[in-house]
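Per the working numbering, the very first residue in the sequence shown carries number 13; after that it's consecutive.
Input: a single structure, listed below in structure tokens.
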Amino acid sequence: MKKKVLSVLLATTVVASLLAGCGSSAAAPAADAAPAADAAPAADAAAPAASSGGATYALVTKSAGNPFMERMASGFQEAVEASGGTVVIQNPEAATPDAQISVVQSLISQGVSSIAVDGNDANALTAVLTEASNAGIKVLSLDSDVAPDTRAVYCNQAGVQQIGETLMEAVYDLTGGEGDWAILSATSQATNQNAWIDAMKKLMESDSKYAKLNLVEVAYGDDEPQKSTDQTQALLQNYPDLKVICAPTTVGIAAAAKVLQDQKSSVKLTGLGLPSEMAEYIGDDDAHSCPYMYLWNPIDLGRLAGYTSIALVDGSITGAAGDKFTAGELGDYTIEEIDGSTQIILGPPFKFDPSNIDEWKSVY
Ligand code: RAM
């Protein structure tokens, strides 16, 4: 039953992506799904020209060179441009709050209409985002939240608890319910990864089912391929009894998958990965490092943030709980109050395994 619902969801999303993308960025690899501005820092970004609609919608990603961010940016760009708006995409050079602060300062000077930010820190952006709001700019977050009182609403990919439960269950399954496992995360300050890790730790503490599982370390690869590779190798060296690595980051899981598969390691991998990067590592047998993993559609997450930006700027929503709007082809959304702040949830995480990875690897 659950499988059926999932496959219907999967099929619907494929169709929606293909229809919405008209064969362009939705199905295209990273390079073709390039955002409006490239990986240049704020100072080099083109100043926004006035659009026919008059509004300019900015997106600040976590960092340049991350294919998940590129897909998210392509969805944001599509949604905004289809509505006649002008897009500014900023990819900070590193996944740090400082890099995002200078980018946001530059966007304030440019007088953009809205800023959608993928937070590299929960609190470090508070001053600059407050300055943006005071300047009349609509501020929202997506993917990785910022302090709730500094943004109107958070476009969340899936519920935090749901992601924590999904990953914890995968670790339980792949370890056989006992033994050493490790987490390979993104940066130590990333709001989204930290929330998912906290949810997993709380589950381990509160449910005796997980009592025989031993989380040996949370390692940080900073969403950089080389650092994630090094951290994976260190985990293998330091914990000879390691059974499973869970990487709740697309950059980390791709790096770890290659290390484990190249070394023919018996350590198994799960987490959150892009099908396009992970297809060669997904498999049930000893030759593959990752039996299955999860994710959501990053293009749709960008689209959702694009439509939310437009609705905030045109005044059809304020970001309050109960506000309703139509996010283009994604359908109708209602803003919810979750954990004391307002959020829009894109949908549940999807499972990718040997049965469906081939149909998804060309989508994102
Ligand atoms: C990485 C980023 C992003 C996260 C995905 C799963 O690309 O850290 O924020 O949502 O992984």
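C-beta atoms are modelled at their ideal positions from N, C-alpha and C, and glycine is treated no differently.
Fair warning: this is a prediction, and the values are worked out from it, not measured in the lab.
- Residue pairing from DSSP places Glu349 in a beta bridge opposite Thr354.
- By the Cβ criterion, the segment 263 to 272 is in contact with the segment 221 to 241, since at least three pairs of Cβ atoms, one from each stretch, lie closer than 8 Å.
- By the C-beta density criterion, Thr320 is buried, having at least 16 other C-beta atoms within 10 angstroms.
- Around the ligand RAM, the residues selected by a Cβ distance under 7 Å to any of its heavy atoms are Lys74, Asn78, Phe80, Met81, Asp130, Asp155, Ser156, Gln169, Ala198, Ala202, Asn204, Gln205, Asp235, Pro260, Thr261, Thr262, Val263, Leu284, Leu307, following chain order.
- The C-beta separation of Asp155 from Gln169 comes to about 6 Å, placing the pair in contact by the 8 Å criterion.
- Contact between the segment 64 to 82 and the segment 96 to 103 is present, with at least three C-beta pairs closer than 8 Å.
- If you draw a straight line from the Cα of Asp274 to the Cα of Pro252, it comes to about 17 Å.
- The three-state reading of DSSP puts Ile329 in coil, since its state is none of H, G, I, E or B.
- Asp344 is bridged by DSSP to Thr338.
- If you ignore the 5 residues before and after Thr203, its C-beta comes within less than 6 Å of the C-beta of Gly131, Ala134, Ser156, Asp157, all in its own chain and listed in chain order.
- Between the alpha carbons of Thr199 and Gly148 lies a distance of about 31 Å.
- By the Cβ neighbour-count rule, Gly171 is buried, with 16 or more other Cβ atoms within 10 Å of its own.
- CA-CA distance, Arg315 to Ala91, rounds to 5 Å.
- Inter-residue distance for Ala128 and Asp298 is about 42 Å (C-alpha atoms, whole angstroms).
- The secondary-structure analysis by DSSP pairs Gln245 with nothing; it has no beta-bridge partner.
- About 4 Å separates the Cβ atoms of Gly87 and Ile311, confirming a contact at the 8 Å cut-off.
- When C-beta atoms of the segment 181 to 194 are compared with those of the segment 270 to 290, three or more pairs fall below 8 Å, so the two segments count as touching.
- Just so you know, the alpha carbons of Leu141 and Ala207 end up roughly 21 Å apart.
- Contact annotation: Thr354 and Ile347 have beta-carbon atoms nearer than 8 Å.
- Gly318 and Thr262 have their C-alpha atoms spaced approximately 22 Å apart.
- Contact between Tyr306 and Lys363 holds: their C-beta atoms lie close to 6 Å from each other, under 8 Å.
- Distance from the CA of Lys74 to the CA of Leu342, rounded to the nearest whole angstrom, comes to 24 Å.
- The beta carbons of Pro361 and Gln174 sit closer together than 8 Å.
- Within its own chain, the residues whose Cβ lies closer than 7 Å to the Cβ of Gln245, once the five positions on either side in sequence are excluded, are Val271, listed in chain order.
- In this structure, the CA atom of Ile350 is about 38 Å from the CA atom of His300.
- Linking Ala211 to Thr178 through their CA atoms gives a straight-line distance of about 10 Å.
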